[in-house]
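Student: In the numbering used here, the protein residues as written are 47 to 352. Mind having a look at this structure? Questions to follow.
Right, dumping it as structure tokens:
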């Protein structure tokens, strides 16, 4: 038999095909699928996170190539999710909406010390003030890490606030040790949500990071502005019709009073207005000639508050 006639088939282990089918089944069983990064999370911590999410979300770990296969064999709308499957990745299956899921994962994060060789996730600042250390070699260790330290009143103190690392800097072993001893934990340990797929839509984490206080404030402002616009434009709507009717009634009443249109509901106002005008004229006339007004009118003028 010629070599050209020999066909070799690639054998894929059953456990791999089973896992691919498991992923595909889970994708169709939940409304939301999160792609989360788990790099640097200790196994024990990861297990605790999975336990805390139980009942709300199911966190599954798979090899990236198996996730790619499962996504490729799923609906076209979810296939673009594969671009978020990088480095150490887990899949999170839930029926919660993406915004609630993001908030839930953010609340589950804990502060942790930075390791030697770790990248500073943000500026690391050592604040001025006393420490819990007694006088000793620690003063030299602090100073050796660029932290101005000294002894005051029998205690080791940080003499001025100091930024010891900028975001993106590599933290050396000496500084990492000092930060840990100072109980400065700049690392947020938790599941890092990269994106969420829901109903054909993909939400990146930056879209889910909503400031709820500002969001509520913006909604309140928008509602107030819409209400004012409707009132000023005299546009009737369910939320504004009562205010518009009240405004129209008030304006028509004022118009009738100013134009002196006799109507049953304002006749008392018109009479009071006419009486006030009459008294005003009588007062001016009386000031010029005391005999210009009757005694009865003089009595009324005397009763008017000055």
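A virtual CB, placed ideally from N, CA and C, is assigned to each residue, including glycine.
In terms of residues, what are the limits of the beta strand (DSSP E) holding residue 140?
Tutor: Here the question's residue 140 lines up with position 94 in the chain shown. Taken as a continuous stretch (DSSP letters only), the beta strand (DSSP E) holding residue 140 covers 135-140.
Student: Could you pull out every residue in the same chain whose Cβ sits closer than 7 Å to the Cβ of residue 299, ignoring the five residues on either side in sequence?
Tutor: If you number the chain shown from 1, residue 299 lands on position 253. Same-chain partners within the cutoff: 312.
Student: On the DSSP bridge assignment, give the partners of residue 176 in chain order.
Tutor: As a working mapping, residue 176 is identified with position 130 in the chain shown. DSSP, once it has assigned bridges, lists 203 as partnering residue 176.
Student: For residue 80 and residue 243, what's the separation of their Cα atoms in angstroms?
Tutor: By one-based count along the chain shown, residue 80 stands at place 34. By one-based count along the chain shown, residue 243 stands at place 197. Answer to the nearest angstrom: the Cα atoms are 6 Å apart.
Student: Roughly how far, in whole angstroms, is the beta-carbon of residue 78 from the beta-carbon of residue 167, given that I think they are within contact range, below 8 Å?
Tutor: Against the chain shown, residue 78 aligns to sequence position 32. Against the chain shown, residue 167 aligns to sequence position 121. About 26 Å; that fails the 8 Å criterion.
Student: Can you give me the C-alpha to C-alpha distance between residue 254 and residue 238, rounded to a whole angstrom?
Tutor: Numbered from 1 along the chain shown, position 208 holds the residue referred to as residue 254. Numbered from 1 along the chain shown, position 192 holds the residue referred to as residue 238. About 12 Å.
Student: Please classify residue 291: is it buried, with 16 or more other beta-carbons within 10 angstroms of its beta-carbon, or exposed?
Tutor: Here residue 291 corresponds to residue number 245 of the chain shown, with the count starting at 1. By the 10 Å Cβ count, residue 291 comes out exposed.
Student: With a threshold of 7 Å on Cβ separation, who are the neighbours of residue 282 within its own chain once the five nearest residues in sequence on each side are excluded?
Tutor: By 1-based counting over the chain shown, the position of residue 282 is 236. 290, listed in sequence order.
Student: Would you call the stretch 132-149 and the stretch 216-231 in contact, with 3 or more CB pairs under 8 Å?
Tutor: Contact between the stretch 132-149 and the stretch 216-231 is absent, because fewer than three Cβ pairs lie under 8 Å.
Student: Buried or exposed for residue 355, please, with buried defined as at least 16 other CB atoms from any protein chain shown within 10 angstroms of its CB.
Tutor: In the structure displayed, the chain extends from 47 to 352; residue 355 sits before or after that span and is not available.
Student: In chain order, what are the residue ranges of uninterrupted beta strand (DSSP E) at least 3 long that sit wholly in the stretch 244-300?
Tutor: Counting whole runs of 3 or more residues, the stretch 244-300 contains the beta strand (DSSP E) stretches 247-250.
Student: For residue 150, which residues in the same chain have their Cβ closer than 8 Å to its Cβ, ignoring the five residues on either side in sequence?
Tutor: Taking the first residue of the chain shown as 1, we reach residue 150 at position 104. Contacts found: 99, 102, 103 and 142.
Student: Note down, in chain order, each residue of its chain lying with its Cβ closer than 7 Å to the Cβ of residue 65, except the 5 sequence neighbours on either side.
Tutor: In the chain shown, counting from the first residue as 1, residue 65 sits at position 19. For residue 65, where only same-chain residues beyond five positions count, the Cβ hits under 7 Å are 108 and 112.
Student: Going by other Cβ atoms of all chains shown within 10 Å of its Cβ, with 16 needed for buried, is residue 95 buried or exposed?
Tutor: The residue labelled residue 95 in the question sits at position 49 within the chain shown. Buried: at least 16 other Cβ atoms inside 10 Å.
Student: With DSSP run on the structure shown, which of helix, strand or coil describes residue 187?
Tutor: The sequence position of residue 187 within the chain shown is 141, counting from 1. In the structure shown, residue 187 sits in a helix (DSSP, three-state: H, G or I).
Student: Suppose the cutoff is 7 Å on Cβ atoms and the five residues either side in sequence are ignored; what does the same chain contact list for residue 210 look like?
Tutor: Working through the chain shown from its first residue, we reach residue 210 at position 164. Closer than 7 Å at Cβ, skipping near neighbours: 170, 172, 191, 192, 193 and 221.
Student: Would you kindly report the start and end of the unbroken beta strand (DSSP E) that includes residue 198?
Tutor: Residue numbering aside, residue 198 sits at position 152 when the chain shown is read from its first letter. Where residue 198 is concerned, the enclosing beta strand (DSSP E) stretches over 195-198.
Student: CA-CA distance, residue 240 and residue 250?
Tutor: The residue labelled residue 240 in the question sits at position 194 within the chain shown. The residue labelled residue 250 in the question sits at position 204 within the chain shown. Computed Cα separation, rounded: 6 Å.
Student: In angstroms with no decimal places, state the Cα-to-Cα distance between residue 68 and residue 115.
Tutor: Along the chain shown, one-based indexing puts residue 68 at 22. Along the chain shown, one-based indexing puts residue 115 at 69. Going from the Cα of residue 68 to the Cα of residue 115 covers about 11 Å.
Student: Express the C-alpha separation of residue 90 and residue 158 in angstroms, rounding to a whole number.
Tutor: Position 112 of the chain shown, counting from 1, holds the residue named residue 158. Position 44 of the chain shown, counting from 1, holds the residue named residue 90. Between residue 158 and residue 90, the C-alpha separation is close to 14 Å.
Student: Starting from the C-beta of residue 318, find all residues in its chain whose C-beta is less than 6 Å away, skip the five residues before and the five after it, and write them out in chain order.
Tutor: By one-based count along the chain shown, residue 318 stands at place 272. Correct list: empty, nothing qualifies.
Student: Give the straight-line distance between the Cα atoms of residue 261 and residue 272, rounded to the nearest whole angstrom.
Tutor: Here residue 261 corresponds to residue number 215 of the chain shown, with the count starting at 1. Here residue 272 corresponds to residue number 226 of the chain shown, with the count starting at 1. Cα to Cα, the separation comes out at about 16 Å.
Student: Taking residue 148 as the reference, which of 106, 187, 274 and 257 has the closest Cα?
Tutor: Here residue 148 refers to the residue found at position 102 of the chain shown. Among 106, 187, 274 and 257, the Cα nearest to that of residue 148 is on 257.
Student: If you count every other CB in all the chains shown that lies within 10 Å of the CB of residue 73, and 16 or more means buried, which is it?
Tutor: Walking along the chain shown from the start, residue 73 turns up at place 27. Flag for residue 73 reads buried.
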